[in-house]
Structures are given as C-alpha cells and as structure tokens.
Amino acid sequence: MTGMDTALSIKGLTKRFGGLTAVDNIDIQFPKGILNAVIGPNGAGKTTLFNLVTGMVPATSGRVMFEGNDLIGRAPHEIVSRGLSRTLQIKSVFGGMSVMDNIRIAVFAHEGISSPFRPARGYRAANDRVEHILEDTGLDRLASSSAGALSYGDVALLEIALALANKPRLLLLDEPICGMSPSETERTVERIVRLAETTDIILIEHDMEVVFAIADLITVMAQGQLLMQGTPNEVAGDSGVQEVYLGTPEDME
Ligand SMILES: Nc1ncnc2c1ncn2[C@@H]1O[C@H](COP(=O)(O)OP(=O)(O)OP(=O)(O)O)[C@@H](O)[C@H]1O
Ligand SMILES: [Mg+2]
34 MTGMDTALSI KGLTKRFGGL TAVDNIDIQF PKGILNAVIG PNGAGKTTLF
84 NLVTGMVPAT SGRVMFEGND LIGRAPHEIV SRGLSRTLQI KSVFGGMSVM
134 DNIRIAVFAH EGISSPFRPA RGYRAANDRV EHILEDTGLD RLASSSAGAL
184 SYGDVALLEI ALALANKPRL LLLDEPICGM SPSETERTVE RIVRLAETTD
234 IILIEHDMEV VFAIADLITV MAQGQLLMQG TPNEVAGDSG VQEVYLGTPE
284 DME
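Numbering (my numbering), first residue to last: 34 to 286.
In structure tokens, the structure reads:
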C-alpha cells in the first residue's frame with residue numbers, strides 16, 4: 034500500500050478496557066478515492082476503532098494519521114473541524130423541526146453563522162450547501178417534513194446529511210443500513226455509493242451482500258486484530274476469514 038494516497042493511516046493502535054483488549058496493536062492504511070469497508074464478527078473492535086479515530090474514546094497507545102496529523106489526544110470537535118466526520122448511533126436530530134432546518138442548523142453552525150434564520154455574511158453560500166446536501170442525500174423530497182415523523186431509513190439519511198454539514202473529506206459510517214427495510218436499504222446504499230465519488234468513506238457493515246457489492250477494499254477485523262485487507266474476491270476466498278465467521282454463519286450469508 035506504500036506510495037498510495039491514504040485517507041487514514043493507523044499505527045500500533047491499541048485500546049484496553051480493563052483486562053479486555055478491544056483494539057490490539059492495529060496497523061491499517063485506508064486508501065483514498067475508494068470505498069473502504071470494515072467487517073468482522075460482533076465484538077471484533079470495529080466501533081471501538083471508529084471511537085478511537087474520532088476522539089470519542091481515548092486510546093491506550095498508537096497513532097491515527099489524517100492528512101499528515103496525528104489525531105490521537107485531540108477532542109472530537111477538533112477532529113470534526115479538521116475534516117473527519119462520522120454518523121452517530123445516538124439519534125442526533127431535532128424531531129420537532131423540519132429536515133431542512135435540521136440541516137440548516139448544522140451547516141450554519143459549521144460556517145460560524147449564529148442564526149440560520151437571519152441574513153448574514155455567507156448566508157447565501159450556506160443555503161446553497163443546504164440545498165446540495167438535501168440533493169446528495171436524496172432528502173430533498175422530504176425537506177419540509179418534520180424530522181420526528183421520518184421513517185427509520187430516512188432518519189439514517191438525515192444523520193448522514195448532518196455529518197456532511199461539517200464538509201468532511203473523510204466520513205465514517207457505522208452500520209448505516211442496520212434495521213432498514215429492503216427498499217430503504219437499496220436507496221441508502223445507492224446514496225452511499227454516490228457520496229463515495231466525492232468523499233472518502235469507511236463503512237462498517239454486517240450485510241455481506243451490500244459489502245461485497247459496493248466495497249473496493251475490505252478490511253477484516255477479528256478479536257481486536259487486523260485479520261486481512263483485500264478486494265472482495267480476495268476476502269471471499271480467504272480461509273482465515275471463513276474461519277472467523279464459522280461461529281456466526283448468519284453474518285456471512
Ligand atoms: N466502553 C466500553 N467499555 C468496556 N468494553 C467495551 C466498551 N466498548 C466496547 N467494549 C468491548 O470491546 C469489544 C469490541 O467492541 P466493539 O463495539 O468495538 O465491537 P464491534 O466490532 O463494533 O461489534 P458489533 O459488530 O457487535 O458492533 C467488545 O468486547 C465490547 O464489549
Ligand atoms: Mg459495532
């Protein structure tokens with residue numbers, strides 16, 4: 034992987050929770066310009082990896098290099114302002130407000146404009162970005178709907194929209210289609226693929242059909258360690274990967 038542009042480079046990253054090593058001395062490079070996926074059985078350390086990268090959980094040791102800087106030790110808001118966002122499992126939308134106003138608040142906050150409802154310097158550009166985000170996520174059809182009345186799948190799209198408000202160059206998605214209906218899944222996957230054309234994405238996903246259909250490179254974790262990184266074909270044909278999934282065959286269907 035040397036010589037390739039990397040979106041994120043992780044070196045010797047370790048996280049211990051008491052006696053449990055959730056992330057165990059991991060070295061991974063995620064190349065730029067492709068759709069990266071991270072897979073692995075439950076408890077493999079995937080979400081902890083994202084928590085470490087985004088500063089939400091302090092690392093025990095190691096480095097996380099993003100655009101030439103080590104992110105370890107930095108606060109979550111500083112990491113976001115440096116161009117790395119994630120979606121949160123905790124529902125972070127304002128249910129009583131419209132989809133568009135939720136996005137406006139996030140975009141205007143990022144731009145440092147105090148009120149999205151009062152004209153100010155940069156107001157026009159910020160509103161244009163709101164429109165773009167609505168289009169990019171396919172939420173334009175729901176712009177004036179109350180966020181509290183959205184389907185599960187549309188809330189997930191709104192969370193992606195709120196993450197995009199921070200203008201990330203790298204976006205981390207943790208099981209974005211979990212719990213969605215087949216049609217919501219299809220629509221969201223389509224959006225993710227399209228977003229990946231302009232924003233680097235690292236996607237944690239359990240739905241193997243989706244992962245193998247859209248990922249360019251798959252990183253496999255097991256028990257806190259990096260098992261392998263390869264193309265969908267390489268990963269599908271790897272006996273070590275098949276072995277770690279044998280205990281949970283429903284994940285590999
Ligand atoms: N805050 C915490 N305190 C203690 N243990 C934790 C904490 N967060 C995660 N763990 C443990 O670390 C291990 C890795 O968890 P993690 O959530 O990263 O796995 P995962 O790969 O995301 O799993 P899943 O596919 O189920 O989401 C698990 O054993 C989990 O119980
Ligand atoms: Mg997880």
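Ideal Cβ positions, reconstructed from N, Cα and C, are used throughout, including at glycine.
If you're wondering where the values come from, they're calculated on a predicted model, not measured in any experiment.
- Relative to the non-hydrogen atoms of ligand 2, the Cβ of threonine 87 never comes closer than 7 Å to any of them.
- Non-local C-beta neighbours of asparagine 84 in its own chain, meaning closer than 6 Å and more than five positions away in sequence, comprise Val90, ordered along the chain.
- Comparing C-alpha distances from leucine 259 to each of Gly73, Gly52, Glu223 shows the shortest one belongs to Gly73.
- Judged by beta-carbon spacing, asparagine 199 lies beyond the 8 Å limit of histidine 165, meaning their Cβ atoms are not closer than that value.
- The straight-line gap separating the alpha-carbon atoms of lysine 79 and asparagine 160 is approximately 35 Å.
- Using a cutoff of 7 Å, the CB of lysine 48 does not count as near ligand 2, since none of the ligand's heavy atoms is closer than that.
- Residue nearest to leucine 190 within the set Asp249, Glu208, Gly171, Arg96 is Gly171 (criterion: CA-CA distance).
- Going by beta carbons, asparagine 69 and leucine 250 fall inside the 8 Å limit.
- The set of residues with any CB-heavy atom separation to ligand 2 below 7 Å comprises, in chain order, Lys79, Thr80, Asp207, Glu208, Ile237.
- Between glutamate 208 and valine 126, the C-beta gap is not smaller than 8 Å, which leaves the two residues out of contact.
- Per the C-alpha coordinates, the member of Ile146, Gly52, Gln62 positioned closest to valine 97 is Gln62.
- Residue side-chain check: glycine 52 keeps its Cβ at 7 Å or more from all non-hydrogen atoms of ligand 1.
- In this structure, glycine 88 keeps its C-beta atom at 8 Å or more from the C-beta atom of lysine 44.
- Taking each of Gly66, Val243, Arg49, Arg220 in turn and checking the Cα distance to glutamine 256, the smallest one comes out for Arg49.
- In the DSSP assignment, asparagine 266 falls within the alpha helix (DSSP H) that extends over 265 to 269.
- Proximity to aspartate 169 across Val244, Arg227, Gly51, Leu46 peaks at Arg227, based on C-alpha coordinates.
- The residue from Arg224, Arg157, Val56 with its alpha-carbon nearest to that of valine 243 is Arg224.
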